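Since the structure comes first, as structure tokens, the remarks are kept for the end.
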Amino acid sequence: RFHTQHTTINTSACHPPRTPSNTTMTSIEAAAQALLTPNPADFDVNLLDQVVTAAYNPVDPNRAVANKALMALQESPDVWTKADAILERAQNPQSRFFGLQVLDDAIRIRWKVLPPEQREGIKNYVVGKVIQISSDEALMKQERVFISKLNLTLVQILKQEWPHNWPSFIPDLVGSSKTSEVLCENNMQILKLLSEEVFDFSRDQMVTEKVKKLKESLNSEFAAIYHLCEFILEHSQRPSLLKVTLQTLQRFLTWIPLGFIFQTQLIDILLNKFFPEPIFRNDTLECLTEVGSLTDLEPEYDPLFRTLFAGFLTKLGAVFSPETELIGPFENGSEDDQIFIQRLALFLSGVFKAH
């Protein structure tokens with residue numbers, strides 16, 4: 033199971049909150065000064081909420097002072113040890129995002145020099161928080177923006193720890209996905225982000241050897257990921273889970289081994305089950321575009337692309353007839369109609385260019 037026994041960051045600087053010695057502080061200047069005073073035991077999340085509220089209020093006269101205090105606090109080398117307290121007790125949503133930001137900074141900049149027990153504590157805390165939120169459908173809806181940013185924090189940890197220090201991540205995530213569709217939906221978001229980070233955004237953020245290792249790990253464990261996607265597409269009745277699975281699959285199709293595309297039922301499922309359904313059509317079309325645009329393949333694959341293209345035209349004929357003029361729907365149709373026509377153009381041009 034994808035779970036943890038720890039719920040707080042494992043660092044000696046994190047303690048239950050104490051009442052600040054000066055409880056009469058009300059001005060933003062005083063609150064900011066108290067937060068910047070190096071007295072870890074007395075870090076007051078309520079004071080942080082006051083400063084953040086002033087910083088995000090465009091008419092607050094203390095806004096500049098508050099912003100300056102937040103910048104100074106963010107640069108403090110130990111502020112990340114307060115991240116769990118901030119995330120658990122802050123009342124202002126922006127304070128929680130500030131807590132995530134300082135945690136992200138610690139992962140990105142200080143991870144290699146942190147003691148192993150502190151790295152493990154951060155990892156366990158973030159995993160536990162992700163599971164706590166993504167296991168509850170009502171909480172997931174309420175915390176939609178926060179869980180999106182928390183997922184990014186988890187991916188930052190993965191880029192540091194996986195696979196060498198966290199070899200069980202993919203098996204754990206796949207296993208937990210089968211326990212709850214709500215949890216599974218967020219797990220697919222994590223896989224999508226991981227694929228984007230490794231294959232799309234990694235050039236300027238990670239050294240070549242690290243990127244190579246991550247790509248090899250994803251390739252070697254992709255069978256488990258693919259079978260999870262296949263299981264969802266065949267059995268789930270939850271539209272939001274099916275949509276994110278198609279979107280995640282589209283990110284994978286640029287790099288997965290060809291056998292998962294041409295030696296499985298994937299193309300048949302995409303063409304015959306999901307493309308005819310309007311709610312899934314645009315995401316399915318993106319997947320088909322990735323497949324149709326594959327190049328530099330052996331001649332043995334040519335008949336498979338011809339079969340794909342012929343099958344696609346047959347299904348397209350059920351959406352609109354060959355005589356249909358598309359200018360009107362593109363200019364005056366719904367947003368989904370416009371996206372469909374744009375993606376249709378990308379599919380056709382991709383197939384013609386590649387084949």
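Quick note on numbering: the sequence shown equals residues 33 to 387 in the working numbering.
Where is the CB? At the ideal position from N, CA and C, for every residue including glycine.
Here the structure is a predicted model, which means the values were calculated and not measured.
Residue nearest to residue i in terms of C-alpha spacing, selected from the options
i, options, result
"LEU278", "LEU265, THR286 and PRO289", "LEU265"
"GLU213", "LEU182, LYS275 and VAL230", "LYS275"
"THR296", "HIS259, TYR157, SER268 and GLN269", "HIS259"
"VAL206", "ILE257, LEU182, SER127 and ILE189", "ILE257"
"LEU326", "PHE307, VAL383, SER272 and LEU378", "VAL383"
"LEU317", "HIS196, SER167, ILE301 and LEU190", "ILE301"
"GLU175", "ASN218, TYR88, THR286 and ILE293", "ASN218"
"ILE202", "LEU246, LEU171, ASP168 and MET172", "LEU246"
"ALA62", "TYR88, PRO90 and ASN94", "ASN94"
"PHE294", "LEU281, LEU340, GLU193 and VAL97", "LEU340"
"LEU303", "LEU273, GLU262, LEU348 and ARG140", "LEU348"
"LEU285", "LEU320, PHE178 and ALA115", "LEU320"
"VAL162", "ALA122, GLN133 and LYS181", "LYS181"
"ASN197", "PHE231, GLU149, LYS210 and GLN221", "GLU149"
"THR85", "ASP232, GLN188, SER59 and THR69", "SER59"
"ASP334", "GLU367, ALA386 and VAL97", "ALA386"
"ALA98", "ALA66, THR113 and LEU119", "ALA66"
"ASP74", "THR113, LYS242 and ALA170", "THR113"
"PHE254", "ILE371, LEU358, ILE299 and THR280", "THR280"
"SER200", "ALA350, ASN89 and SER252", "SER252"
"ILE311", "PRO271, GLN188, GLY160 and ASP110", "PRO271"
"GLN164", "PHE292, CYS216 and PHE362", "CYS216"
"GLU228", "GLU262, GLN188, PHE263 and THR211", "GLN188"
Three-state class that DSSP yields for residue i in the structure shown
i, result
"THR55", "Confidence is the limiting factor: at THR55 the pLDDT is only 33, short of 50, which leaves the residue's position unreliable, though a coordinate-based value still follows. Note: THR55 maps to coil in three-state DSSP."
"SER200", "coil"
"THR356", "coil"
"LEU329", "coil"
"THR296", "coil"
"GLU248", "helix"
"VAL351", "coil"
"GLY365", "coil"
"ASP116", "helix"
"SER381", "helix"
"PRO310", "helix"
"LYS210", "coil"
"VAL91", "coil"
"ALA122", "coil"
"LEU376", "helix"
"SER166", "helix"
Where the alpha helix (DSSP H) through residue i begins and ends
i, result
"SER180", "176-193"
"SER272", "271-284"
"LYS100", "95-107"
"PHE254", "254-267"
For residue j and residue i, believed in contact at Cβ under 8 angstroms, the rounded distance
i, j, result
"VAL83", "LEU102", "6 angstroms"
"SER127", "LEU80", "5 angstroms"
Chain C contact for residue i (CB, 8 angstroms cutoff)
i, result
"VAL91", "No chain C appears in the structure shown, which is made up of a single protein chain."
Assess contact between the stretch 149-160 and the stretch 89-106, defined as three or more Cβ pairs (one per stretch) separated by less than 8 angstroms. Is contact present? Verdict: no, contact absent.
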